[in-house]
Structure formats: C-alpha cells, structure tokens
Amino acid sequence: MLVPVLLSGGVGSRLWPVSREAYPKQFLPLASELSMLQETLARTEGLAAAPPLVVCNEAHRFLVAEQLRQLALVPGAIILEREGRNTAPAVALAALHALAADPDATLLVLPADHIIRDQAAFLAAVEVAAPLAGAGQLVTFGVVPTSPETGYGYLRCGEALGEGAARLDRFVEKPDRATAEAYLESGAYLWNAGMFLLRADSYLEELERQVPAMAAACRAAMAGVSGDLDFLRPDPEALAACPGDSIDYAVMEGTDRGAVVPLDCGWSDVGAWSTLWDVSEHDSDGNVVHGDVIVEDSRGSYLRAESRLLAAAGVDNLVVVETADAVLVAGRDQVQDVKHIVERLRAAGRSEAALHQRVYRPWGSYESLIVAERFQVKRIVVNPGETLSLQMHHHRAEHWIVVHGTAEVTCEDRSFMLGEDESTYIPLGHKHRLANPGKIPLELIEVQSGSYLGEDDIVRFQDAYGRGGTPAG
1 MLVPVLLSGG VGSRLWPVSR EAYPKQFLPL ASELSMLQET LARTEGLAAA PPLVVCNEAH
61 RFLVAEQLRQ LALVPGAIIL EREGRNTAPA VALAALHALA ADPDATLLVL PADHIIRDQA
121 AFLAAVEVAA PLAGAGQLVT FGVVPTSPET GYGYLRCGEA LGEGAARLDR FVEKPDRATA
181 EAYLESGAYL WNAGMFLLRA DSYLEELERQ VPAMAAACRA AMAGVSGDLD FLRPDPEALA
241 ACPGDSIDYA VMEGTDRGAV VPLDCGWSDV GAWSTLWDVS EHDSDGNVVH GDVIVEDSRG
301 SYLRAESRLL AAAGVDNLVV VETADAVLVA GRDQVQDVKH IVERLRAAGR SEAALHQRVY
361 RPWGSYESLI VAERFQVKRI VVNPGETLSL QMHHHRAEHW IVVHGTAEVT CEDRSFMLGE
421 DESTYIPLGH KHRLANPGKI PLELIEVQSG SYLGEDDIVR FQDAYGRGGT PAG
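Okay, so the sequence shown: first residue is 1 according to the UniProt record's numbering, each after it adds one.
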C-alpha cells in the first residue's frame with residue numbers, strides 16, 4: 001500500500017514575521033485559502049493510498065491535528081519528535097510504523113511546505129516512479145529547472161531506467177551562478193526537491209547499511225512508542241540519542257539503488273519572500289498585494305498587510321510585510337538575510353522570534369491587546385466544545401467579559417453560565433476553568449491584574465490535552 005508521509009518539521013525563518021517558530025509556514029495559507037500542509041494533503045487525494053502519516057515537532061501537534069480536522073481527514077498517525085533530528089530519522093520513524101501495518105508499504109515522502117501548481121504532472125511522476133520503488137529502488141523526484149538557481153541543490157541524472165526515469169548519479173551542493181548556468185545548459189541536472197518514493201523496508205535496509213547507529217536508535221524509539229491522545233510519541237530518550245542528518249546525506253548520496261524521476265509541475269519550496277513573489281499573481285506594475293494595501297507609483301514589490309492599512313508610494317523591488325507586532329522591510333534581492341534578523345531576535349531573547357501576537361492553543365487562541373505594568377488585556381477565543389485546563393495563578397486575578405457565544409465557568413466549587421455582555425471575576429489563587437459548551441466560537445476579553453503576568457504563572461490540576469503545569473492555558 002502507498003503511504004503518504006508528510007514531513008512538517010521546518011520553522012520557515014526566512015518568511016518572518018508571518019512564519020514563526022510556534023506557527024511556521026506550513027500552517028499558513030500563503031498561496032491559497034488552504035495552508036501549505038493542507039495543500040500537500042490535498043495533493044495526494046488522486047492517489048490510491050492509505051491515510052497519511054505526519055511527522056512533526058511535538059510543539060506543533062495540535063496545529064497539525066486541527067488542520068487535518070478542517071479537511072475531515074483522519075491520519076494514519078501523527079508521529080511526534082520532541083526535537084527534530086532532520087529528515088533521515090523522521091522517514092525511518094514513519095517507515096517503522098508503516099511496516100508494522102503492511103510489510104509491503106511504500107512511502108511517498110513529501111515536505112509539508114512546498115507548492116505544486118500542476119497536480120496532474122505530480123501524479124503522473126508518482127506513477128512513473130511506482131514500479132521502480134516496487135523493485136527496491138530509492139526514487140527521488142528532481143524538478144526540471146527553469147533558471148540557473150543558486151539557492152537549490154541539484155541532482156545529476158545518469159543512464160536511463162526506462163521511459164521517464166534515470167539512475168541517480170550524484171547529489172550536488174548549491175552552485176555558484178556560473179556553475180548553475182552550466183548545469184541548466186547541460187540538461188543533465190535537476191533541482192533537488194526533497195521528495196521521495198521508496199519501499200519502507202528498502203529504506204531501512206539502506207539506512208542500516210550506511211548509518212547503523214541511526215537505524216538502531218529509531219528502532220529503539222519506536223519500540224518504546226506510547227500513545228498520547230491522537231498522537232504517537234516515540235521514546236524521547238532513544239530519539240534524543242539518534243544522530244541527526246538529512247535523508248540526502250545519510251542515505252541517498254551513498255546508495256547504489258538511487259533513481260530519479262523528472263518533475264515538471266510548477267514546483268516551489270517557498271523558501272523566501274522573493275520566491276512567494278515569483279509564484280503569486282502580479283498587478284500591471286509587477287506588484288504582489290495581499291491584505292489592506294494601497295499602492296502608488298511602485299513596481300516589482302511584495303506588499304502584505306496582516307492587521308492594518310499598508311500604503312506604499314514610489315518604491316521598487318521591495319518586500320514589505322506587516323503583522324500586528326512587527327514590520328519587515330527588505331530589498332527583494334536581500335530577503336535571504338531575513339534569517340539573520342530572526343537569529344538576532346533569538347539571541348536577544350525577544351518573543352517575536354517564536355510567537356505571534358495571536359498564540360494558538362489546542363482549545364483556540366489568545367491575543368495580547370494591551371500589555372502594561374501590573375495589567376494586561378487579552379482577546380480569548382475558545383473553539384466549540386473545547387475546555388481549558390482547571391488551573392490557578394499565584395500572582396494575578398482575572399476579569400472575563402463575554403462578547404460572543406456562551407461560556408461555562410468554574411471557579412472553586414461553583415459552576416455557572418455567562419452569556420454575551422456578562423462578566424465575572426476570578427480572584428488570585430482560586431481554581432478556575434473556562435469552557436465553550438456551544439456550537440459557535442466563544443470570544444471574551446480577559447483583563448489580568450497583579451504583580452506578575454507571565455504565562456508561566458499557572459498551576460494545572462486537570463487538562464484535557466495531556467499537558468502538565470506549563471505555560472499557556
């Protein structure tokens with residue numbers, strides 16, 4: 001059986017400030033109304049395949065589950081990594097899980113943050129690759145290059161393996177401009193897109209041959225796997241001991257079983273704002289505009305407003321991206337340097353590196369509206385049927401005002417309902433819980449007051465999501 005495997009471990013730092021560590025690009029609707037993860041899942045609908053496996057960071061587990069729920073899609077499993085070990089171990093975890101259900105499982109490995117415009121061409125390439133993978137070949141898909149791109153690695157094609165495929169000769173690192181132009185002219189090189197089709201047992205055999213320590217650690221991690229709600233949690237200590245490496249370096253570069261199938265499908269990895277400008281619809285002046293934007297006498301720019309009006313006049317070839325708490329302004333040819341800004345934010349301990357002003361939780365979201373000394377105002381949204389943990393704060397009291405929907409409130413030994421325009425007070429040190437028993441989202445304004453307002457001032461007593469006494473509701 002064919003098993004789609006989505007790798008959802010990236011953080012997309014080059015797309016800051018929209019993509020952040022806690023809510024990275026694969027969960028964002030950057031190219032359509034669907035998120036990139038959802039687009040990748042939808043791309044597999046034309047295949048006769050088992051339910052997909054998703055390998056993701058533990059911190060993103062509820063984001064993955066919610067986006068699958070929005071598509072009414074039940075996964076084969078969501079496999080959690082406490083810390084990423086790169087793609088080779090991630091694929092090994094998926095392979096071990098797939099083999100437990102089907103000894104003939106074939107994995108279609110897809111990064112969850114790529115764009116493919118021509119789904120028919122993608123499905124046709126998978127069809128070409130299927131018999132090769134079935135015969136034990138480790139097949140990678142190489143994108144037919146459209147320009148001498150220096151930001152991608154390349155694959156060199158060897159002798160033909162029937163129609164539409166070739167032996168994988170070698171991987172090539174990102175070239176300089178002159179070398180990339182020579183690759184393009186030769187016709188023997190393809191962009192390395194990081195997509196694969198391979199039998200689970202063939203992959204594990206090759207991994208054990210080349211990196212036995214990695215294979216052993218992954219086997220130990222899955223031998224100690226535990227269920228956690230809808231998630232699979234490999235043994236964290238075994239996984240922490242696993243060497244980290246990409247599937248390219250750990251397996252594909254050293255194998256004699258590699259094959260490559262060309263893919264001409266309007267592919268992009270959306271690795272930077274300039275790439276998103278390339279794949280988006282332009283106006284008559286070459287601008288890409290998203291959100292509430294007014295443009296005057298400007299050309300070739302990417303202009304995105306997330307929370308307020310953005311006006312641009314007399315600018316050329318810029319990227320301007322506005323969010324509720326940060327604004328990026330960069331030359332369109334300098335956007336690769338955005339990652340250095342994120343590194344500086346992290347080094348300074350600034351929350352903007354990881355968190356948006358709106359923070360998503362398994363029960364909904366909260367957004368800080370005003371933060372001042374000794375008080376804070378938040379907008380809280382609780383999804384229908386969801387419940388926050390039973391909790392208590394040592395240093396703050398809270399006022400809740402319902403503005404939309406119905407709230408079920410527990411405070412100490414008292415439970416009661418609040419409707420729109422009603423409010424309540426939660427004294428410091430009181431056990432309390434908030435729930436949404438209704439069919440529509442519950443929206444309320446929370447006013448916190450006290451000597452300390454940090455998200456780590458929380459003690460959980462009960463939690464529907466299996467979290468301990470850690471921050472954030």
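Note that beta-carbon positions come from the ideal geometry of N, C-alpha and C, so glycine has one too.
Measure the C-alpha to C-alpha separation of I380 and N436 and round it to an integer number of angstroms. About 11 Å.
Report the residue from H394, A240, I116 and A95 whose alpha carbon sits nearest the alpha carbon of E205. Put simply, of H394, A240, I116 and A95 the residue whose alpha carbon is nearest the alpha carbon of E205 is A95.
In its own chain, which residues sit with a C-beta less than 7 Å from the C-beta of E412, not counting the 5 before and 5 after it? The beta carbon of E412 sits closer than 7 Å to those of H430 and K431, all from its chain and outside the five residues before and after it, given in chain order.
Option nearest K447 by Cα separation, candidates R433, S423, G438 and R460: Going by the sequence as given, residue 447 is Val instead of Lys. Residue S423 is the option with its Cα nearest to V447.
Could you give the distance in angstroms between the alpha-carbon of L110 and the alpha-carbon of A178? Those two C-alpha atoms are separated by around 30 Å.
Spell out a yes or no on whether the stretch 205 to 218 and the stretch 83 to 97 are touching, meaning 3 or more CB-CB pairs, one atom from each, closer than 8 Å. The stretch 83 to 97 and the stretch 205 to 218 touch, with three or more beta-carbon pairs separated by less than 8 Å.
Determine the DSSP secondary structure at M417, reduced to helix, strand or coil. M417: strand per DSSP, three-state reduction.
On a CA-only basis, which of L47, E296 and G291 is nearest E306? Give me that one, please. Measuring C-alpha to C-alpha distances from E306 to each of L47, E296 and G291 identifies G291 as the nearest.
Mind checking which residues open and close the beta strand (DSSP E) that includes Y154? DSSP places Y154 inside the beta strand (DSSP E), whose first and last residues are Y154 to A160.
What does the alpha-carbon distance come out to for the pair L442 and V319? For the pair L442 and V319, the Cα-to-Cα distance works out to about 36 Å.
Taking the alpha-carbon of H399 as reference, which of P384, G385 and L434 has the nearest alpha-carbon? Here the closest residue by C-alpha is L434.
In the structure shown, what three-state DSSP assignment does L428 receive? It is coil, neither helix nor strand.
Out of curiosity, what's the CA-to-CA distance linking G466 and S351? The straight-line gap from Cα to Cα measures roughly 25 Å.
What are the boundary residues of the beta strand (DSSP E) that includes D176? Looking at the DSSP string, D176 is not in any beta strand (DSSP E), and its letter there is neither H nor E.
6 Å CB neighbourhood of W16 in its chain, flanking five on each side removed: Hits under 6 Å: V338 and V342.
P471 in three-state terms, based on DSSP: At P471, the pLDDT of 45 sits below 50, so the modelled position is not reliable and the matter cannot be decided from this model.
Can you tell me which of the three DSSP states Y366 falls into? Secondary structure of Y366 (DSSP, three-state): strand.
Straight-line CA distance for A464 to T387? So the two alpha carbons sit approximately 7 Å from each other.
Considering only C-alpha positions, which residue in the set V279, I426 and D256 is nearest to L409? First, the amino acid is wrong: residue 409 is Val here, not Leu. Residue nearest to V409 within the set V279, I426 and D256 is I426 (criterion: CA-CA distance).
Of the listed residues A193, E281 and H356, nearest to G300 (C-alpha basis): Among A193, E281 and H356, the Cα nearest to that of G300 is on E281.
What are the boundary residues of the beta strand (DSSP E) that includes I380? Taken as a continuous stretch (DSSP letters only), the beta strand (DSSP E) holding I380 covers F375 to V382.
Near A65, which residues of its chain fall below 7 Å by C-beta distance, leaving aside the five closest residues on each side in sequence? Cβ neighbours of A65 within its own chain (closer than 7 Å, five residues either side excluded): I78 and D230.
Could you check whether the stretch 109 to 127 touches the stretch 12 to 32, counting it as contact only if at least three pairs of C-beta atoms, one from each stretch, sit closer than 8 Å? The stretch 109 to 127 is in contact with the stretch 12 to 32.
Any idea what DSSP makes of S280, helix, strand or coil? S280: coil per DSSP, three-state reduction.
Quick one: any contact between the stretch 164 to 173 and the stretch 148 to 156, if contact means 3 or more CB pairs under 8 Å? Cβ pair count under 8 Å is three or more, so yes.
Under the rule that 16 or more other beta-carbon atoms within 10 Å means buried, what is K378, buried or exposed? Answer is buried; the Cβ neighbour count reaches 16.
Could you work out which residue in R82, A98, E367 and E83 is closest to P75 when comparing CA atoms only? When R82, A98, E367 and E83 are compared, the shortest CA-CA separation from P75 is found for A98.
Could you give the distance in angstroms between the alpha-carbon of V5 and the alpha-carbon of L80? Each residue's Cα considered, the two are about 13 Å apart.
Give the DSSP bridge partners of M195, in chain order. In the DSSP output, where bridge partners are listed per residue, M195 has F141.
Confirm, please, whether the CB-CB distance from L30 to V270 is below 9 Å. Yes, they are a contact pair.
In chain order, each beta strand (DSSP E) run of at least 3 residues that lies wholly inside the UniProt domain "MannoseP isomerase/GMP-like beta-helix" (291 to 345): 293 to 296, 302 to 305, 310 to 313, 318 to 322 and 327 to 331, all fully within the UniProt domain "MannoseP isomerase/GMP-like beta-helix" (291 to 345).
C-alpha distance - V139 paired with G331, whole-angstrom precision: Our two residues, V139 and G331, have alpha carbons roughly 38 Å apart in a direct line.
Throw me the rounded Cβ distance for the V402 and G419 pair, which I believe falls under 8 Å. Going by Cβ atoms, the distance from V402 to G419 rounds to 6 Å, so yes, they are a contact pair.
Helix, strand or coil, according to DSSP, for D228 in the structure here? In this structure, DSSP gives D228 an extended state, which the three-state scheme calls strand.
Looking only at its chain, what residues have a beta carbon closer than 7 Å to the beta carbon of F27, apart from the 5 residues adjacent to it on each side? Correct list, in chain order: S35, L37, L63 and Q67.
When DSSP labels each residue in this structure, what does H60 get in the three-state scheme? H60: helix per DSSP, three-state reduction.
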